[in-house]
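Numbering (this note's numbering), first residue to last: 30 to 336.
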């Protein structure tokens, strides 16, 4: 049999913003208990399990464990141990410190550069203990605040009032691409001056400036579904094509492109925001960073979703 052609990212003809309905989490991380809610989040097969006791003996099938050091936890909390069946999972688990205070609550911090989702019983309360302004801006667009569900952006910290076995965490490719387009829009608008920086991060109310951030975030979410479908690792050109399509460059029907083109630029700024975002993405350091994060997400989706 001859060699199979390498499957690469293919650009769609049109990118449109969509509502966030039925988000698909692509990587299972921890075990779940049954949720009494009649409409629980989509189920998946867990591949790793939180263990409250760090002295628990791994099962014969376990290839490795990741122990969150107590020093990485808030005062009075203890690190959880996670057992894995595939050793390569450890690099993903290492980015999410997980702790418990008394076995009835879970503390999580997102030290990765991508977006995860958290599911837990709908009657359990959750509190964010830390969030960056950019993350708050992002979540105000993509997180519907549904019971038992939370979007977990980079550097977020959250406490869930539920035992470890009732909390699940998933890597989400669509939300991760949306995070990238959100950051690009915010970075470009911030370069226009303080007034635009404030409006770009506005979480309440709608302005023309804020509309650019919102529409580009949603457009990134829409195009992000293609990442998990690409079998071969994406190279830099693939990722540049993906992000260019997410920003809707030159596509009249794309809402990110439309909003970007309709925003008037201040005196002294050479490019409109749409052109500016494209130039920003073309910077070698920026493009390489996006490429690294997208390959990490793509690999993680396949590594844990196919077990």
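Here a beta-carbon is modelled for each residue, glycine too, at the ideal position from N, C-alpha and C.
- For residue 208, no beta strand (DSSP E) run applies; the uninterrupted alpha helix (DSSP H) run containing it begins and ends at 202-219, by DSSP.
- Per DSSP, residue 125 lies in no alpha helix (DSSP H) segment and is marked neither H nor E.
- For residue 157, there is no enclosing alpha helix (DSSP H); the enclosing beta strand (DSSP E) covers residues 155-159.
- As for any alpha helix (DSSP H) of minimum length 4 sitting wholly inside the region 137-200, the runs are 162-171, ordered along the chain.
- For residue 232, no alpha helix (DSSP H) encloses it, and the DSSP letter there is neither H nor E.
- By the criterion of a C-beta distance shorter than 8 Å, residue 265 is surrounded in its chain by 316, 317, 320, once the five residues flanking it on both sides are discounted.
- By the Cβ criterion, the region 190-203 is not in contact with the region 211-222, since fewer than three pairs of Cβ atoms, one from each stretch, lie closer than 8 Å.
- In this structure, the alpha-carbon of residue 94 lies about 19 Å from that of residue 200.
- Excluding five sequence positions before and after residue 124, the CB atoms of its chain that fall closer than 8 Å to its own CB belong to 139, 140, 141, given in chain order.
- Cα atoms of residue 329 and residue 111: separation of roughly 17 Å, rounded to the nearest angstrom.
- A Cβ-Cβ separation of about 7 Å places residue 147 in contact with residue 189 under the 8 Å criterion.
- Sequence-distant partners of residue 254 (beyond 5 residues in either direction) whose C-beta falls short of 6 Å from its own C-beta, in its chain, are 203.
- Apart from sequence neighbours up to five positions away, no residue of its chain approaches residue 174 with a beta-carbon distance below 8 Å.
- Of the residues assessed, residue 162 falls on the exposed side of the cut-off, its CB having fewer than 16 other CB atoms within 10 angstroms.
- Here residue 230 has 162, 166 as same chain residues with Cβ atoms under 6 Å from its own Cβ, once five neighbours each way along the sequence are excluded.
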